[in-house]
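Structure first, commentary second.
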C-alpha cells in the first residue's frame, strides 16, 4: 500500500514537471504581423490570444536570419505575417535570432 502511494506521488510529480516544461516550450517564439520597420528594429502586432493585441519591438542585428518567402531583412514589409525566434536575455530586450515570413 505504501509503495503504491509513493509511486503515485512520484508519477504525479513527474507529470506536473512535464506539463510545466511543455508550457514553456515556445516562450522564445513570437508570431504576428509586421506593423512598422525602422531598422534596426521592427514593430510586431502579436495576437497570441484572441482578445488581447500587443505590440512588441524586436531588434534586428547582423546575425538575424530571414527565411520563408523573403530571404533578407531588406525584403521585409509592413503587413507580412512572421514567426520570430527571440534570443533569451536577462533584460527586456527582444533580439531576433530568426525571422520566418509565412505570408505576404
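In my numbering, the protein residues as written are 256 to 359.
Ideal placement from N, C-alpha and C gives every residue a C-beta, glycine not left out.
These figures come from a predicted structure and were not determined experimentally.
Check this for me: beta carbons of residue 337 and residue 287, under 8 angstroms apart or not?
Sequence index remark: in the chain shown, residue 337 carries index 82 (1-based). Sequence index remark: in the chain shown, residue 287 carries index 32 (1-based). In this structure, residue 287 lies closer than 8 angstroms to residue 337 by Cβ.
I'd like to know whether the C-beta atoms of residue 341 and residue 349 end up nearer to each other than 8 angstroms.
As a first step, residue 341 is located in the chain shown; it is residue number 86 there, counting from the start. As a first step, residue 349 is located in the chain shown; it is residue number 94 there, counting from the start. Contact: yes.
Roughly how many whole angstroms lie between the Cα atoms of residue 285 and residue 259?
The sequence position of residue 285 within the chain shown is 30, counting from 1. The sequence position of residue 259 within the chain shown is 4, counting from 1. The alpha-carbon atoms of residue 285 and residue 259 are separated by roughly 43 angstroms.
Does the distance from the CB of residue 332 to the CB of residue 289 come in under 8 angstroms?
Here residue 332 refers to the residue found at position 77 when the chain shown is read from its first residue. Here residue 289 refers to the residue found at position 34 when the chain shown is read from its first residue. Cβ atoms of residue 332 and residue 289: closer than 8 angstroms.
Kindly give me the distance between the Cβ atoms of residue 351 and residue 292, rounded to whole angstroms, as I take these residues to be in contact under 8 angstroms.
Looking up residue 351 in the chain shown gives position 96. Looking up residue 292 in the chain shown gives position 37. With 8 angstroms as the limit, residue 351 and residue 292 do not qualify as a contact, their Cβ atoms being about 12 angstroms apart.
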